[in-house]
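> I'd like to ask you about the structure that follows.
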Amino acid sequence: MIGDIRALLARHLPGYEVHTVVPAGQGLDNTVHLVNGELIVRARVADPAAVRREVALLAAIKDLVGVRVPEVLFGDDKEGVIAYYALPGKPLDQHPVRDPKRLAEPLGRLLSALHGVPRERARELAPLDVYPAPTLLHDAQLEYRDVERHVPEEQRPLVERFLAAEPPPEPRELRLCHNDLGAEHLLADPGTSALTGVIDWTDAAVTDPAHDFAKLYRDLGPEVFDLILASYDGSFDAEDRRRALFYARCGLIEDLAYGLSTGPSRYAEAALAHLEWTFTG
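453 is the number of the first residue of the sequence shown in the working numbering; add one for each residue after it.
Below, the structure written as structure tokens:
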């Protein structure tokens with residue numbers, strides 16, 4: 453892979469000297485390398501349309517959302533690669549901040565701007581992505597069978613009551629969403645607790661805006677979640693909250709299963725650490 457990156461950079465950035473290439477992370481869809489301590493090269497399964505879409509999306513929203521996003525140097529459709537200079541800050545899942553409440557206002561403004569993109573423009577920037585709640589619940593039920601023994605016995609009733617309940621109704625409207633707004637994609641300064649960037653817009657879609665709130669609830673907790681809502685200009689009622697909690701719970705089970713199987717163990721550790729507040733909200 454490192455040889456491939458060197459060849460890729462020679463083709464797209466002639467004259468750029470490569471001194472170091474180090475792995476910088478791996479998720480469900482992407483692998484990331486850091487070149488010379490400054491350049492992010494992110495690769496996924498080649499999908500030319502997805503690469504073009506993400507590059508266009510980032511160009512369109514960089515001055516809109518009030519938070520730094522990657523400024524793409526180049527996108528390679530064939531290789532499924534996007535390259536950009538690393539943003540400041542550290543991933544929140546690996547470098548917790550001292551005062552997470554400071555993240556609430558910029559996240560509320562980000563979601564206000566993103567969800568406020570007119571529908572017609574949103575459909576030009578991202579695909580429609582609607583995954584029915586009953587299907588999500590069924591997937592969570594199957595995944596829980598594989599991870600149940602790892603859940604503390606006293607917390608299992610919380611999860612099992614959720615899995616036995618009816619899923620929420622489908623959303624009334626769809627909006628442009630990041631659609632994977634977990635702590636691993638939030639960059640912050642650990643010392644000042646300032647939000648410094650939002651990365652990995654691969655899964656951006658026109659979908660239920662409650663998806664964007666779900667992982668924030670799961671990863672940052674109910675208090676920060678409520679502060680985010682206080683800075684949010686869009687509508688968000690009791691039914692929206694119900695769907696956000698539903699998605700948060702399904703997502704936690706998915707992360708637990710991923711972290712206990714093929715993914716980094718920190719996903720499972722975070723899922724277990726956040727289980728109680730996620731399933732009691």
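Positions of the beta carbon are idealized from the N, C-alpha and C atoms, including for glycine.
This one's a predicted model, so the numbers in the text were calculated from it and none came from an experiment.
In terms of residue numbering, what span does the alpha helix (DSSP H) encompassing arginine 597 cover?
Segment 585–599, the alpha helix (DSSP H) holding arginine 597.
> Where does lysine 542 fall in DSSP's three states?
Three-state DSSP puts lysine 542 in a strand.
> Assuming arginine 496 and asparagine 482 form a contact by the criterion Cβ under 8 Å, report the distance between their Cβ atoms to the nearest whole angstrom.
5 Å
> Along the chain, which unbroken stretches of the beta strand (DSSP E) at least 3 residues long are found entirely within the region 647–731?
647–650 and 657–659
> Just to confirm my understanding: we take leucine 727, look at its own chain, exclude 5 residues before and 5 after, and list those with CB closer than 6 Å. What are they?
Gln607
> Buried or exposed for histidine 471, please, with buried defined as at least 16 other CB atoms from any protein chain shown within 10 angstroms of its CB.
Histidine 471 sits exposed, since fewer than 16 C-beta atoms from the chains shown fall within 10 Å of its C-beta.
> Based on DSSP bridge pairs, tell me the residues matched to histidine 471.
Beta-bridge pairing links histidine 471 to no other residue.
> Residues in its own chain within less than 7 Å of histidine 663 by CB, not counting five upstream and five downstream?
Cys629, Asn631 and Tyr699
> Where does histidine 630 fall in DSSP's three states?
Annotated three-state conformation of histidine 630 is coil, per DSSP.
> Just tell me which of Ala722, Thr714 and Ala646 has its CA closest to the CA of glycine 541.
For glycine 541, the closest of Ala722, Thr714 and Ala646 by C-alpha to C-alpha distance is Ala646.
> Restricting to Cα atoms, I'd like to know which of Lys553, Glu531, Asp689 and Ile492 is closest to leucine 672.
Lys553
> Could you give the first and the last residue of the continuous beta strand (DSSP E) run that contains glycine 527?
Segment 524–528, the beta strand (DSSP E) holding glycine 527.
> Enumerate in chain order the residues of its own chain whose CB-to-CB distance from alanine 685 is below 6 Å, with the five nearest sequence positions on each side excluded.
Before going on, a small fix: residue 685 reads as aspartate here, not alanine. Closer than 6 Å at the Cβ level, and outside the excluded window around aspartate 685, lie Ser564.
> Whose CA, out of Arg670, Arg693 and Gly527, lies closest to the CA of leucine 544?
Arg670
> Which of the three DSSP states is assigned to valine 549 in this structure?
It is coil, neither helix nor strand.
> Grab the span of the beta strand (DSSP E) containing histidine 485 for me, first residue to last.
482–487
> Using the beta-carbon count (16 or more within 10 Å), is proline 579 buried or exposed?
Flag for proline 579 reads exposed.
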